[in-house]
Amino acid sequence: MAEVTVSLDAELVVEVMVMAGVGSPQDAVELVVRDYIARGHRTEALVAEHEATARDVEVKPEAQQG
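Each residue of the sequence shown is one higher than the last, beginning at 345 in my numbering.
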């Protein structure tokens, strides 16, 4: 797999390391990126499920009044 080098603010990386509970800046940033991607996939799945459910619901016309 290809690798990319990115420069980040040290304070930002240290905060991520503390929050993630890891001792390596590389591991911390990788965890954040993987979590972001996983959340995106879960959101896409929920939206697709919601749209499918909405299509399956039959809308009944209201009875005419008058």
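Glycine residues also receive a C-beta, built at the ideal position from the N, C-alpha and C atoms.
Predicted, not measured: the structure shown is a model, and the values here were computed from it.
Please go through the same chain and pick out, in chain order, the residues whose beta-carbon is closer than 7 angstroms to the beta-carbon of residue i, but skip the five residues on each side of it.
i: V360; result: A372, V373 and V376
CB-CB under 8 angstroms to residue i, same chain, minus the five flanking residues each way: which ones, in chain order?
i: V357; result: P369, A372 and V373
i: A346; result: none
i: G367; result: M361
i: A364; result: D371, A372, L375 and V376
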